[in-house]
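Be aware that the sequence shown starts at -9, since it is given in the working numbering, and climbs by one per residue.
We put the beta carbon where it would ideally sit given N, CA and C, even for glycine.
One structure below.
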Amino acid sequence: MMPGAEDMRELELYIHIPFCMRKCNYCDFLSVTADERLQSAYMEGLKNELTFYGKGFRDVEISTIYIGGGTPSWLQERYMASLMEVVHKSFSIRGDAEITVECNPGTLTRAKVKSYQNSGINRLSMGLQSANQQELEHLGRIHTFEQFLRNYEMARECGFDNINVDLMYGLPWQNTEKFYRTLTKTVALKPEHISAYSLMIEKGTPFYDWYKFDGVKQEAGFMPEVLPHEDVVYQIGKMTEDVLAEAGYERYEISNYARKGYECRHNIGYWQRKEYLGVGLGASSLLGNVRYGNIRDLERYIECCGSIRETRIKDIKTEKELEGVNLHETAEELSRNACMEETMFLGLRMIMGVEKSRFYKDCGFTVDNIYYPIVRELKEEGLVEENLERIWLTEKGLDLSNYAMAKFLLPG
Ligand code: SF4
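Here you go:
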């Protein structure tokens, strides 16, 4: 039996679909293009993995499911329908579970949307990123804004009443006005949830090759040539907050905004460090105090799914042997300090901050026991505030979140 399984009552489930029609120019997620044969073999493997865990986690209730990728909506509907059938058969799923699937505009059809509904999926997360055609092309996205609109309207017509739209700012040649236009076009559609992340230039992507010197120049105090200067990115972030607040969206996490009652429960679970089971290529899980990472090689993952079994796996840091399964490539038993740091880093991403009672329950110490001098220092700098129940970042703290969060690192 996997660690922590006996006493678990609530679990979040993440399912990774690693396929995309084409790789976007900024993307370093674990996603590949694949033919029908590979997709079919992968989906069979995934179902084996779900069935395996279903047997081990019989007394667990699944509170949220997130099918991410990659581009899950690229799959033909029969794959998703049979995947969800196995999920329902293998696990006990709460009646009010939030079940999300990530969709890319241009890949949805009415048949797929209807099939999602029949499978119990009740939330769509649509990756728009930009409403500007030049930006979409430069990002390497497969869709136009018009295709997004058609897919969005179709989902509404089919009855989806919980939709997230993902946006990205700080793009090459972008200024506040350009992103304002993307934002207002999005807000006009009245989605329940909007995520707005600033672009990160990741190693191994075409964007890294094209723009790495912009970052170096900026750090050396010069103007970047193509990427917006960090002051412009900051202004875009502030403008986003204002426009979305005006339109009735509450910022509940550094990059996430929702109408009341539509906050993403699955992601809140991550930020509150709830246990989650990740299945699929490279998916990670947090079970008890162990973080597992699945195999990241597609062929090897499919092969191992043919005979899943419990095994011993070496902790990546301590070499200590832990319980795991042969699909795990990594396992790390988190120290008490690591748990406390994570609880603070993740919790402070949320505007409501860290609940002190949750910190005590998860870590066995009060926040004051561990962080009193740090909290006092950050309060004096105007970066955090607290009351009896919670501790949270102020507006200034959110602007300087990297600096503030680094203070919660513990020695050793
Ligand atoms: S669609 Fe998403 S996962 Fe796929 S390549 Fe683009 S950014 Fe990456």
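What separation, rounded to the nearest whole angstrom, lies between the Cα atoms of residue i and residue j?
i	j	result
L161	F197	10 Å
V357	T384	18 Å
L388	G251	23 Å
Y403	V374	Nothing can be reported for residue 403: it is not among the residues displayed for the chain, which extend from -9 to 402.
L129	F9	18 Å
M334	Y187	21 Å
L139	R146	11 Å
I7	C93	11 Å
Q137	A87	29 Å
M(-9)	V50	For M(-9), the pLDDT reaches just 49, beneath the cut-off of 50, and the residue's location in the model is therefore unreliable, although a value from the coordinates is still provided. Computed Cα separation, rounded: 13 Å.
T195	Y16	6 Å
F212	I89	46 Å
A321	W200	35 Å
L317	D305	15 Å
L3	G270	11 Å
R27	K37	16 Å
N257	N154	12 Å
E300	A235	49 Å
P(-7)	S115	The predicted position of P(-7) is uncertain, since its pLDDT is 48 and thus under 50; a value taken from the coordinates is nonetheless stated next. Straight-line Cα distance between these residues: approximately 32 Å.
G272	E243	25 Å
R286	M330	28 Å
E127	P62	21 Å
P214	Y159	16 Å
L1	I52	5 Å
S80	N284	20 Å
I57	C14	19 Å
Q123	V280	44 Å
Is residue i near the ligand SF4, judged by its Cβ being under 7 Å from some heavy atom?
i	result
G227	no
C93	no
N138	A quick correction: the sequence has Phe, not Asn, at residue 138. No, since every heavy atom of the ligand SF4 falls outside the 7 Å radius drawn around the Cβ of F138.
T195	no
K13	yes
S185	no
T61	yes
F135	no
S21	yes
G44	no
G117	yes
C148	no
C295	no
C10	yes
C17	yes
Which first and last residues belong to the beta strand (DSSP E) in which residue i is found?
i	result
H219	No beta strand (DSSP E) contains H219, which DSSP labels as neither H nor E.
W64	First-last for W64: undefined, no H or E at that position.
T384	Run containing T384: none; DSSP gives neither H nor E here.
T54	E51 to G59
G314	E311 to V315
L1	E0 to I7
Just checking: is the beta-carbon of residue i within a distance shorter than 8 Å of some beta-carbon in chain D?
i	result
M213	Of the protein chains in this structure there is only one, and it is not chain D.
Just curious, the alpha helix (DSSP H) that residue i is in, first and last residue?
i	result
H128	Q123 to L129
D86	First-last for D86: S82 to C93, but that is the beta strand (DSSP E), not the alpha helix (DSSP H).
S188	Premise fails: S188 lies in the beta strand (DSSP E), H183 to S188, not in any alpha helix (DSSP H).
K207	P196 to E209
V103	R100 to N108
I292	L288 to C295
V177	T166 to V177
K304	Element bounds for K304: not the alpha helix (DSSP H) but the beta strand (DSSP E), E300 to K304.
E34	E26 to G46
V374	From DSSP, V374 is part of no alpha helix (DSSP H) but of the beta strand (DSSP E) over V374 to E376.
H256	R255 to W261
E192	Where E192 is concerned, there is no enclosing alpha helix (DSSP H), given that its DSSP letter is neither H nor E.
A441	The chain is shown only over -9 to 402; residue 441 falls outside these bounds and no answer can be derived.
L368	V357 to E370
N141	F135 to E147
Per DSSP, residue i forms a beta bridge with which residues?
i	result
Q119	L157
E323	V280
E240	A248
G268	Y4
R380	E345
V22	F9
R113	T90
H318	N284
T275	One detail in the question is off: residue 275 reads as Ser in this sequence, not Thr. Y282.
M340	E243
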